[in-house]
Structure formats: structure tokens, C-alpha cells
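What follows is a single structure, written as C-alpha cells, with notes after it.
There are 2 protein chains.
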Amino acid sequence: MNNDSSDVKTFLKRSFSGKTISQMYYAKRNHITEEMKYVAEIENEDPEVIRQEIALGKLIIPSNINHTSLKPMGVGKKVSIKINANIGNSAVTSDIDNELHKLNLAVKFGADTVMDLSTGGDLNKIREAIIKASPVPVGTVPIYQVVTEVKKIEDITPELLLDIIELQAKQGVDYMTVHCGVLYEYLPLVKNRITGIVSRGGSILALWMTKHKKQNPLYEHYDKILEIARKYDVTLSLGDGLRPGCLADASDEAQFAELETLGELTQRAWEKDVQVMIEGPGHLPLDQIEMNVKKEQEICKEAPFYVLGPLVTDIAPGYDHITSAIGATMAGFHGASLLCYVTPKEHLGLPELEDVRQGVIAYRIAAHAADVARGYKNSRDRDDKLSKARFEFDWDRQFELSLDPETARRMHDETLPHQAHKQAEFCSMCGPKFCSMHITREMNRFLEKQEQDELASKLEFGTK
Amino acid sequence: MNNDSSDVKTFLKRSFSGKTISQMYYAKRNHITEEMKYVAEIENEDPEVIRQEIALGKLIIPSNINHTSLKPMGVGKKVSIKINANIGNSAVTSDIDNELHKLNLAVKFGADTVMDLSTGGDLNKIREAIIKASPVPVGTVPIYQVVTEVKKIEDITPELLLDIIELQAKQGVDYMTVHCGVLYEYLPLVKNRITGIVSRGGSILALWMTKHKKQNPLYEHYDKILEIARKYDVTLSLGDGLRPGCLADASDEAQFAELETLGELTQRAWEKDVQVMIEGPGHLPLDQIEMNVKKEQEICKEAPFYVLGPLVTDIAPGYDHITSAIGATMAGFHGASLLCYVTPKEHLGLPELEDVRQGVIAYRIAAHAADVARGYKNSRDRDDKLSKARFEFDWDRQFELSLDPETARRMHDETLPHQAHKQAEFCSMCGPKFCSMHITREMNRFLEKQEQDELASKLEFGTK
Chain A
733 MNNDSSDVKT FLKRSFSGKT ISQMYYAKRN HITEEMKYVA EIENEDPEVI RQEIALGKLI
793 IPSNINHTSL KPMGVGKKVS IKINANIGNS AVTSDIDNEL HKLNLAVKFG ADTVMDLSTG
853 GDLNKIREAI IKASPVPVGT VPIYQVVTEV KKIEDITPEL LLDIIELQAK QGVDYMTVHC
913 GVLYEYLPLV KNRITGIVSR GGSILALWMT KHKKQNPLYE HYDKILEIAR KYDVTLSLGD
973 GLRPGCLADA SDEAQFAELE TLGELTQRAW EKDVQVMIEG PGHLPLDQIE MNVKKEQEIC
1033 KEAPFYVLGP LVTDIAPGYD HITSAIGATM AGFHGASLLC YVTPKEHLGL PELEDVRQGV
1093 IAYRIAAHAA DVARGYKNSR DRDDKLSKAR FEFDWDRQFE LSLDPETARR MHDETLPHQA
1153 HKQAEFCSMC GPKFCSMHIT REMNRFLEKQ EQDELASKLE FGTK
Chain B
733 MNNDSSDVKT FLKRSFSGKT ISQMYYAKRN HITEEMKYVA EIENEDPEVI RQEIALGKLI
793 IPSNINHTSL KPMGVGKKVS IKINANIGNS AVTSDIDNEL HKLNLAVKFG ADTVMDLSTG
853 GDLNKIREAI IKASPVPVGT VPIYQVVTEV KKIEDITPEL LLDIIELQAK QGVDYMTVHC
913 GVLYEYLPLV KNRITGIVSR GGSILALWMT KHKKQNPLYE HYDKILEIAR KYDVTLSLGD
973 GLRPGCLADA SDEAQFAELE TLGELTQRAW EKDVQVMIEG PGHLPLDQIE MNVKKEQEIC
1033 KEAPFYVLGP LVTDIAPGYD HITSAIGATM AGFHGASLLC YVTPKEHLGL PELEDVRQGV
1093 IAYRIAAHAA DVARGYKNSR DRDDKLSKAR FEFDWDRQFE LSLDPETARR MHDETLPHQA
1153 HKQAEFCSMC GPKFCSMHIT REMNRFLEKQ EQDELASKLE FGTK
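As you go down the protein sequences, you meet chains A and B in turn. Add 732 to the 1-based position in the first sequence for my numbering, that's all there is to it. Add 732 to the 1-based position in the second sequence for my numbering, that's all there is to it.
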């Protein structure tokens, strides 16, 4: 949606009397910002509706005042469902160019946001390059950088946490995952889980709390985080550090205890005009997805829900873009607003370029199918156009309208490469004699001719 | 499930007084056949339950008396959800070995049934080879062969149709798609559709009826088809010749008019003790899937529902294994019993080996996720075992338990190829410092040591 970087607008017109504050601040005070107008335009929605939704916390526009290349986008139930692509290198492979390739590929295929989850190399430089190059909102998990600055997890200090958050905010990060809801008292609740804590941030904080016997510093210093977020208009993505890591651990006490806390933290953020979204699982059996979305919407008063999948089975490593796209479609249908992609490499290794493509396409499918199913505006138009092109055997148009034209064309051309076949009334799947649409068209032509003949003979009869 | 061909049993013990008749015949007369016992065993179910379900038409065991290499399997809501893989060559490429490769690959990765949809080459020979080699039920669409025997579709005669059906039945085909419900009077109902008729069989019959201005010969001669089916115990797969070919055409008058007829035909089949399943769409928006399954179950009195996907969006050619696996999971969750796979090549070309693998795995995911979601027996056990292996960093066990061990291992080994890494407490996705499960285990070890220390100091105190 945001992939035409040529018409980047300059926003940042949000200074009232020299003080830059959040979209929510203005929304509550009945000001429609440039960002709101832009989002309203691309979503074909009334700017006043966008403003109202933001004021209520039901819609967010993650747009750090220092992310100048950004084309704003909205996340919430009144707009189309969005998808996020995670990029970023690991400690082993560190290459800025490669990450920028991933960014460009992700945006090209339709990622609405990206998260830079880099954990190795010159993190500040990589992040700077990504923010500068990205037309879509950039998210991070600041605690990943914090960990690289200490020798052992227990050496983390609250000051270091806040410093890194402010550093990244200043750089222009649009939204940050902060696991403020993983409370010390919830840790015993994961004891009988199969996979324990599977959120990196959650596990880091849990180990810190266990060793120090102290409360989560992100919870203790939440007010300071809100101050920083408000200053740069960073959207807080309240992380689910205790999300389930397998079907067996889904919807357990630990998960929902944290969700209750996220509900409180949402209210506190809104009081300070800070935009918020809520992160969700992870791994859930299909039959628990609707309940999970409804629960989040109730407890967090319809703050946008940002889900990671969820995977609907654990038995398909290598295919978790599929297991999770199934869950993501269901989640979107029931009210989730941002779907975080999962690539085929999940659980196995760091995704490379082809994995990014597979992940993004699977999630464009999920988001679109969910939009169609929830009856969102004219979302089915593109399906109808493609289906018309299909029935008319206009192959080029069919490829053009598809989510991944290159792949569709390549698969078709494997057996019928010639340009002449781009109007052929069949493909190699059925061949001309067995193509149902070709036969249907033959029937229609026959019926048409018959009608004309009948009409002609009636007219002839009439003149006699 | 049926992929260990070493212990093929000899069934065919169904002759009472020299007359071989259908599973349903015996089920209704309180006889538990060898096939029923076998299915009960592999499904961990009481044979009497299997018999009752077959008697009521709610469960089928497609097992032609002449398919001697078959290991019987059941399709119905009381057993696990099954998947079908379509194989078969086209008029262009005809190669028996290649089709047998596809068969073996499909069965290896978990196809529960296969359909031979060949339309070119020596059809009888290919079919014979597939039936001989297949441990799983083999399905066909006899009208495809009929078309190859005539110059023009209108040259088809009822006699030719019945002859080919009998020929294939005699060969050992376990189930056949027959589009008996496409009635002449329903044809005007597709007039305003975007993609007309997309079932090959449906379109062939529609053209025939239009040119002859006569009723569907498969409907007219349904009793004769039942006689053949009863003789060899061929399960009739009542085809949905008017299924929707795109979202816009879903759940329309044409589709449901045919379904009503399929309901009548089901009753007529059951009266003759012929086993039946009902074919379903195709293309459906996610929100219409539950309604479609419920409607079929009501109209066809819970005859097993055999769905093709359905695809939940039309805009992803090249990825229709994913768009349709989403729909198939939903359909299975709501009560469909057999899921016909769709490969990435759907709408673009004839699937090759790699497409078969992708299709089968996507559908194993769908069937399994649906079984878990509907709470089917102990279906989640495998997820739990894999999750435990994951948390214990037992990589080999994790690969072993996964749906496609080769692919999972390959993806892991791309970055960490050494055997030593098969017990490593991390993978390249996060690296050791950022692995949440590694950190959780560190926390657990710390807590354990602390407890032991506390206990030790208490004991020490006690002895003082």
C-alpha cells in the first residue's frame, strides 16, 4: 500500500506552540493532523472518523516525529488489516546492505510495517539506515540492544533500559515493543508449561527479575517510558512476554494474567496521550482464536491487536508461514488489526530474502482474506477483477492483479512460455479440451447464436 | 497414515453366499467386515461405532473389491480428517513412471487418498498401474475418459458413460466423481456468474445438455450407476458441477440448487446400500465456510463432505495451496471429512513433484490443525511431543516429529550444519544470547539450584 516512495510527503506539522506531542493528543483535542488526513485518504475514510478512532485509542498512526521518510499508515478496525515483516541480522551475520534488501523486498511485496530485530553488528547504524530508507513505520525491541551492552543479563539497569529507549526514540523508531506486563508475581505461572517463556524480551526480563528478586523495571518505570513515547510520538507495542510457545501452553493463566496488566497499562498510556497497541500470541489452536481476540478487545478497550500468527499447529517446522497464516486469517477476521508475519524459517534459522518474500505473501493473503470475510469496504473488488481476467483468459492482467506477479507468470510459463499463450483459452493444467472455462464460453457462444437465430426467424416470420 | 505398504492385508472377505456387495450393505445388517475392523484399529475406535456410522451413511470406507493392494481407510466425522492428492498427466505429458513417482511422494508425505485425473496417454494402463501400486483409495472422474473417446462433447452417449464407469469400477477404482446433480433446469442460474462453470465435468455435461436440450444423462441413468457402484462397492463422490469458481460466485442459487439434488441422490444411493460422499467448493470467503458445511450436513444428512479447499481469496495464483489450506482448515473444523489438496500450480499449470509435496504438506497442516481444533481424540499429542523436543533442544527428535523432516533439517542446517549443533541450545534465528528457551532454561536451573541451597541450609540448620 505504501510502496510508492516517490511521493513522500513532509508531515511533522504537529507543533503547536513549539511543543511536539502525539497524534492522540491532537485527536482528543479535535485537531485533524496531516497524518490523519493522509491515512483517511489512502483508506478512503472520513478524516473525522480517523480522528475519533485515534482519540478513543482504537486506531493508531505509528509515526515518530523524526522518521522523515515515513508515509503514515493506520492500524485499527476501521481501516484495512495490516501486516508486519521482521527483518534484522543476527550476531553472526551483519550486513547493512542485506538488511536494506530485505526491507525493500518486504515493502515491495506489501509489508505495511517492518521491525528491525537486529541483535548483532553496529545496531545504531543499521537502525539509522533502515529508518532513513523506510517509507513504512519501523518498530524495534529496545531490550535487544540493551542486552548487547551488558556482559550478563543481570547487569541490566533501569537507567540503561531508559537510555536505549530514548536513543531509539530520538532516531525515529515509530513503535517499540516493551514487555512491561511481565510481572514478577506471574513467573511461577509458567512453571508447568512445555516451552516456558518464548518471548525473547520476556525471558530476559524474567531472568533479571529472578536473579534480582525485583519487579520488572519496565513496569516500575512505565511513567518514564510514557514520557519518552509522548515526546517523539512513539507508539508503544505492549509486548506479551508470557505468550504461549506451543498449543499446550495456549490461553493459560500466565498469558491472561499478563493481558490484565496490559489492560491497565493501556489506560495509563491513554491518560498520557500515548498511542498503544497490544501484542498477542504466538501459538493457538484454531478454536481458541476468536476467544483470544475478544478477550484482548474487552480487557484493552479495543486497543489495536497485533498478533504473531498465531500458529495453529506445532508440527510443521519449515512451513510455519502456512500454519501461522491460517491463524492470522482467523485472528484478522475476528478483529486483530496488525498481523506479524512468520517465515518458513521460524524455529529453524534466520530468514533470508526468499523467506521474507514467502512470509510477506502468506500474510498478504491472510490480511486480504480476513478483510473480505469481515466485509471490509470494497476489499473483494480485486478478487472479482482477477476472476474476470481469469474467465476472459487475459493472462497478463491476471498476473498483474496477483499478489506475486513474478511467481504466477513463472509458474504459467514453465509449460506455456510463448506470448501467444497469453490469450490462449487454456493452460497446461487442463489443456484446451478439459478447460471448464473454455467449455463454458463455448456453451455461452452457442446459446448466444441460438438466441440470435431464433430472433432472426421470428423477425422473418413477422414480415411474412 | 497408510504409508507402510509392507503389511498390506488381504480383505475381500465380503462374500456372503457368493454375492459381493457394499460395506454399507453389511453395516446395515449388523455385520462388521474386515475393513471395518481394520479402520477401527488404525483410528483407535470401537468397530461397532464404525459399523453404525457406515450404516447411517455418516462414514465411508472407499474400497473397491478389486483394489487388492488397498489398506482401507475411513472418511467421516468419527475418524480423523483425511486429505486427497490429485495426480495424473495431461494430454501433453504422458509418462506412467512420473505419475507413480507422484503417487509415492503423495503417499509418503501423508495423502490418505489419491485421484487419478489423467486426461492423456493410455488412460487404462496408467490407471491400472496406479491402482496396483496404491495402498490408498484411488478416485477418478470417469467423464474425463469419456471425453477422450469422442470427437466432440455432444457425441457422448449415455451408453458410453455407463460403459466407462463399469470399466473403471471393474479395474478397482475406489471412488468416482459423478456430476449427477447438474440438472438442465439449473443451467440458467449460472448466467450472471463471473467464472461460469469451473468444474470440468460440470461444464462438459452442461455443454452436452445445452446442445441436446436434454437432461443430464448421469441423472437420468442414476439407478444404473448405483447398480455398478453396488456391485464393486465403488463409493460415489457426488460432484458439485456448479461449484463457485471465485468468491463472487460463492453460495449462489446454482450452487445450492445442485446441493438439494445431491441430497435426494444421497438418499437414493443409501436405499441401494451404495456409499456416498458429497463434493463441495472451491472458492468461498472465510465467513461463508461454516454455513456451507452446515448446509451440506443438513441437506445430505451428514454424508461425509469432501471439499476442494476452499480458497478464501482469488488474488494469489502461485500460492493457492496457502489460500486454500486456510479454507480447508476452517471447513475441517466445522465438519468436512476429506480435504482435497490444491497445489501452488492451481490455475497456472499441471503440478509436478515439488508441487505435490507442497500441496500435501499444506493439507496435512490443515487436516491436523482442524482435528486439534475440533478436539479430536489425542490429536494434539504430536504437537506436544514436538514442543517438548523443541524446549529440550533435541533437534533430531524435532525433525523426526515434523511433517516434512527433510525440509526442516535442511533449513536448520543451512546455517548450522554440524552434528554438534543438534544438541545446541539455540539456532541461527536468535543465536545463543537471544534464545528465549535457552534463557528460560537458565532461569529454571538457577531456581532449582536456589531451592536446593535453601533446602540444604534448612537441613543444616535443623541438625544444629
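Note that the Cβ used here is the ideal one computed from N, Cα and C, for glycine as well.
What residue does the beta strand (DSSP E) around residue i start on, and which one ends it?
i          : result
Met768(A)  : Segment Glu766 to Glu775 is the alpha helix (DSSP H) holding Met768(A); no beta strand (DSSP E) there.
Glu1011(A) : Val1008 to Gly1012
Lys814(A)  : Lys814 to Ile819
Val870(B)  : Val870 to Thr872
Thr993(A)  : Here Thr993(A) belongs to no beta strand (DSSP E); instead the alpha helix (DSSP H) covers Glu985 to Glu1003.
Asp848(A)  : Thr845 to Asp848
Thr909(A)  : Tyr907 to Val910
Ser969(B)  : Thr967 to Leu970
Leu1043(B) : Counting along the chain, Leu1043(B) falls outside any beta strand (DSSP E), and DSSP gives it neither H nor E.
Leu894(A)  : No beta strand (DSSP E) holds Leu894(A); the alpha helix (DSSP H) holding it covers Pro890 to Gln903.
Bridge partners for residue i per DSSP, in chain order?
i          : result
Val807(A)  : Ile792(A)
Tyr1051(B) : Its beta-bridge partners do not exist; DSSP assigns none.
Phe1037(A) : Ile1010(A)
Rounded to the nearest angstrom, what separates residue i and residue j at their Cα positions?
i          : j          : result
Gly1050(A) : Glu1138(B) : 9 Å
Pro867(B)  : His1079(B) : 29 Å
Tyr907(B)  : Gly789(B)  : 15 Å
Arg1122(B) : Cys1162(B) : 14 Å
Asp1103(B) : His1053(A) : 19 Å
Leu1187(A) : Lys1181(A) : 10 Å
Glu952(B)  : Thr998(B)  : 15 Å
Asp848(B)  : Tyr770(A)  : 54 Å
Thr1231(A) : His944(B)  : One cannot answer for residue 1231(A) here, as it falls past the ends of chain A, which runs 733 to 1196.
Pro1083(A) : Gln1020(B) : 35 Å
Ile786(A)  : Met805(B)  : 55 Å
Ile896(A)  : Val1092(A) : 29 Å
Leu1191(B) : Glu780(B)  : 60 Å
Asp1128(A) : Asp1145(B) : 39 Å
Thr800(B)  : Glu860(B)  : 12 Å
Val839(B)  : Tyr1073(B) : 13 Å
Asn762(B)  : Ser812(A)  : 56 Å
Leu1071(A) : Gln877(A)  : 24 Å
Leu950(B)  : Ala938(B)  : 12 Å
Val1008(B) : Pro1013(A) : 41 Å
With a threshold of 16 other CB atoms inside 10 Å of the CB of residue i, please say whether the residue is buried or exposed.
i          : result
Asp1136(B) : buried
Asp1115(A) : buried
Lys1023(B) : Note on identity: in this sequence residue 1023(B) is Met, with Lys being the wrong assignment. Classification of Met1023(B): exposed, given that the 10 Å Cβ count is below 16.
Ala1098(A) : buried
Asp1005(B) : buried
Asp829(B)  : exposed
Lys745(A)  : With a pLDDT of 47 at Lys745(A), under the threshold of 50, the predicted position of this residue should be treated as unreliable, and no value is reported.
Gly1107(B) : exposed
Ser1189(B) : exposed
Pro1017(B) : buried
Val914(A)  : buried
Asp955(A)  : exposed
Gln1151(A) : exposed
Pro1149(B) : exposed
Which residue marks the beginning of the alpha helix (DSSP H) containing residue i, and which one marks its end?
i          : result
Ser1119(A) : Asp1113 to Phe1123
Phe1131(B) : Trp1127 to Leu1133
Leu950(B)  : Pro949 to Glu952
Leu837(B)  : Ile828 to Phe841
Less than 7 Å between the CB of residue i and some heavy atom of the ligand ZN, yes or no?
i          : result
Gly1014(B) : Ligands displayed in this structure: none; no statement on the ligand ZN is therefore possible.
Should residue i and residue j be called a contact, given that it needs their Cβ atoms to be closer than 8 Å?
i          : j          : result
Ser1069(B) : Val910(B)  : no
Ile862(A)  : Tyr964(A)  : no
Val1044(B) : Thr1061(A) : yes
Ala1035(A) : Phe1065(A) : no
Thr880(A)  : Leu855(A)  : yes
Ala1057(B) : Ile1058(A) : yes
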